[in-house]
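The block underneath contains the structure these notes are about, expressed in structure tokens.
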Amino acid sequence: MLALALMVLFAPVQDATKVTEVGAGGLGSEPMGEPADRPTVRAMVLGKVRRAPVRKSPPLIRPAVKVPQPKTSLAQTRAALRTQLIADFNTPGPPPEPPAGVFERITYPSQVGDLSAYLTPLPDRGKHPAVIWLGGGDTNTIGDVWSDQPADKDMTGAAFRRAGVTMMVPSLRGANGNPGRKEMNLGEVDDVLAAADFLAAQPTIDPKRIYLVGYSTGGGLALLTSESTDRFRAVFCFGPVWDVRDYRERQPYDQADQTENRPRSPGYWLEDVRSPIWVIEGGDANTAPTIRRMRKATKNPMVYALIVAGRNHFSQLDPVNRHIASDILLDPGTGVYRGSLPELPRG
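Be aware that the sequence shown starts at 90, since it is given in our numbering, and climbs by one per residue.
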């Protein structure tokens, strides 16, 4: 099988009607189909380089597919586990106050009590899509996600709010002065679902078009959440690990106990996915092999994988997030979400 690499190249911001592409003749540009303000991702096969055809509009839905049933689900395993926490990693709060008109600091109800979050201004009328953003590092804790960041290291998910997509950035249990204790990828799944319930209850949010996007540790949590529920229209997981022990960091539970470790590790539960997910990483990142491993490990048709050539763990984010935001705005919310991101071949 030929080795495949996917190159992500975008139109300059000042002229979004053009797409820049490296082809056999070098660097060039050509008009896009539609709409005029849409960034585009192109997949190219190295070795025998060929241009991907320009479509007038991307396929956003596809027919329903049969998903194989797992022997024991993650949801069942999580429900049976009575975790034993051996360390306290809670952080004080509250989170900093955001600038008016960009985010509002709110609280949302959860199993452990009210948790803090940031929420962009809600639309005035109609029904609109929304994104939940889970950041990297200490995913439970939120902070400044509004200050401008370099395009090659923007870990704030700003592409979504700039595109006009409603965006919620939740803090989770044990962080920012929240009730509960940090559990590392266990009870936090329930907090993410509680955030989705909060969004779905807002009068101008379409409950059928809520998307989950996570980066790094947040990508692992997003993947675990997608393996526990079909609540989300689609889920995008940047740079997740296979096993939570791959972080090589101290955790609030005994990592030697597989009863505790396995339900927190997303690589073991890919067959449980029931709605479309993408696992994504930059080709220059040291975790790119994990994405290839996930692609090979499952035949689940709901699991897609994308390696972004020439990008690292950080620089992959902004261009791909802009593309996802554009797909979200075009998604009619019917059928099974497909979007227009390219993917690694199956098998």
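No residue lacks a Cβ here, since even glycine has one placed at the ideal position from N, Cα and C.
Worksheet item: Can you tell me whether DSSP reads Thr172 as helix, strand or coil?
Response: Three-state DSSP puts Thr172 in coil, outside helix and strand.
Practice prompt. Could you give the DSSP three-state label for Leu419: helix, strand or coil?
Written response: The answer is helix: DSSP assigns Leu419 an H, G or I state.
Worksheet item: Which residue or residues does DSSP assign as beta-bridge partners of Leu208?
Response: In the DSSP assignment, Leu208 forms a beta bridge with Glu193, Met257.
Worksheet item: Is it a yes or a no for the segment 210-223 touching the segment 282-293, going by three-plus beta-carbon pairs under 8 angstroms?
Response: The segment 210-223 vs the segment 282-293: in contact.
Practice prompt. Use the C-beta contact count for Asp246: other C-beta atoms within 10 angstroms, 16 or more gives buried, fewer gives exposed.
Written response: As written in the sequence, residue 246 is Gly, which differs from the Asp given in the question. Residue burial annotation: Gly246 is buried, with at least 16 other C-beta atoms found within 10 angstroms of its C-beta.
Discussion item. Let's see if you can read the secondary structure: which residues bound the alpha helix (DSSP H) around Ile380?
Written reply: That run of the alpha helix (DSSP H) goes 377-386.
Practice prompt. Using 10 angstroms around the beta-carbon of Gln405, count the other beta-carbons present and answer buried if the total reaches 16, otherwise exposed.
Written response: Buried, because 16 or more other Cβ atoms sit within 10 Å of the Cβ of Gln405.
Worksheet item: Could you give the residue range of the alpha helix (DSSP H) that holds Leu288?
Response: Boundaries of the alpha helix (DSSP H) around Leu288: 276-289.
Item to complete: May I have the straight-line CA-CA distance separating Val201 from Ala283, to the nearest angstrom?
Response: A direct Cα-Cα distance of roughly 10 angstroms separates Val201 from Ala283.
Worksheet item: CB Ala240 to CB Ser415, shorter than 9 angstroms?
Response: It is not a contact, given that the beta carbons lie outside the stated cut-off.
Worksheet item: Buried or exposed: where does Asp177 fall if 16 or more other Cβ atoms within 10 Å of its Cβ makes it buried?
Response: With fewer than 16 other Cβ atoms within 10 Å, it is exposed.
Worksheet item: Among all the DSSP beta bridges, which residues are the ones paired with Leu395?
Response: Per DSSP, Ile369.
Fill in: Alpha carbon of Leu310 to alpha carbon of Lys271, nearest angstrom
Between Leu310 and Lys271, the alpha-carbon positions lie close to 13 angstroms from each other.
Worksheet item: What separation, rounded to the nearest whole angstrom, lies between the Cα atoms of Gly232 and Arg353?
Response: For the pair Gly232 and Arg353, the Cα-to-Cα distance works out to about 24 angstroms.
Discussion item. Helix, strand or coil for His217? Go by DSSP, reduced to three states.
Written reply: Looking at His217 - three-state DSSP - the assignment turns out to be strand.
Worksheet item: Is it buried or exposed for Gly226, if we count other Cβ within 10 angstroms and need 16 for buried?
Response: Flag for Gly226 reads exposed.
Discussion item. Between Ile175, Thr172, Pro210, which has its C-alpha nearest Pro187's C-alpha?
Written reply: Out of Ile175, Thr172, Pro210, Pro210 has the C-alpha closest to the C-alpha of Pro187.
Worksheet item: Do the segment 312-321 and the segment 342-359 make contact, defined as three or more Cβ pairs closer than 8 angstroms?
Response: Output reads yes: the segment 342-359 touches the segment 312-321.
Worksheet entry | For Ile294, the residue or residues it bridges with in DSSP | Secondary-structure assignment with DSSP links Ile294 through a beta bridge to His217.
Practice prompt. Alpha carbon to alpha carbon, how far is Asn375 from Gly182? Give it in angstroms, no decimals.
Written response: In a straight line, the C-alpha of Gly182 is about 33 angstroms away from that of Asn375.
Worksheet item: From this set, Val324, Asp343, Leu223, which residue's C-alpha is nearest Ala394's C-alpha?
Response: It is Val324 whose Cα lies nearest to the Cα of Ala394.
Fill in: Local Cβ density within 10 Å of Asp237, reported as buried at 16 or more and exposed below that
For Asp237, the number of other beta carbons within 10 angstroms of its own is below 16, and it is reported as exposed.
Fill in: Start-to-end residues for the beta strand (DSSP E) that takes in Ala323
Counted as a single uninterrupted DSSP element, the beta strand (DSSP E) harbouring Ala323 occupies residues 323-327.
Item to complete: Would you identify the three-state DSSP class for Gly246, choosing helix, strand or coil?
Response: If DSSP states are grouped into helix, strand and coil, Gly246 belongs with coil.
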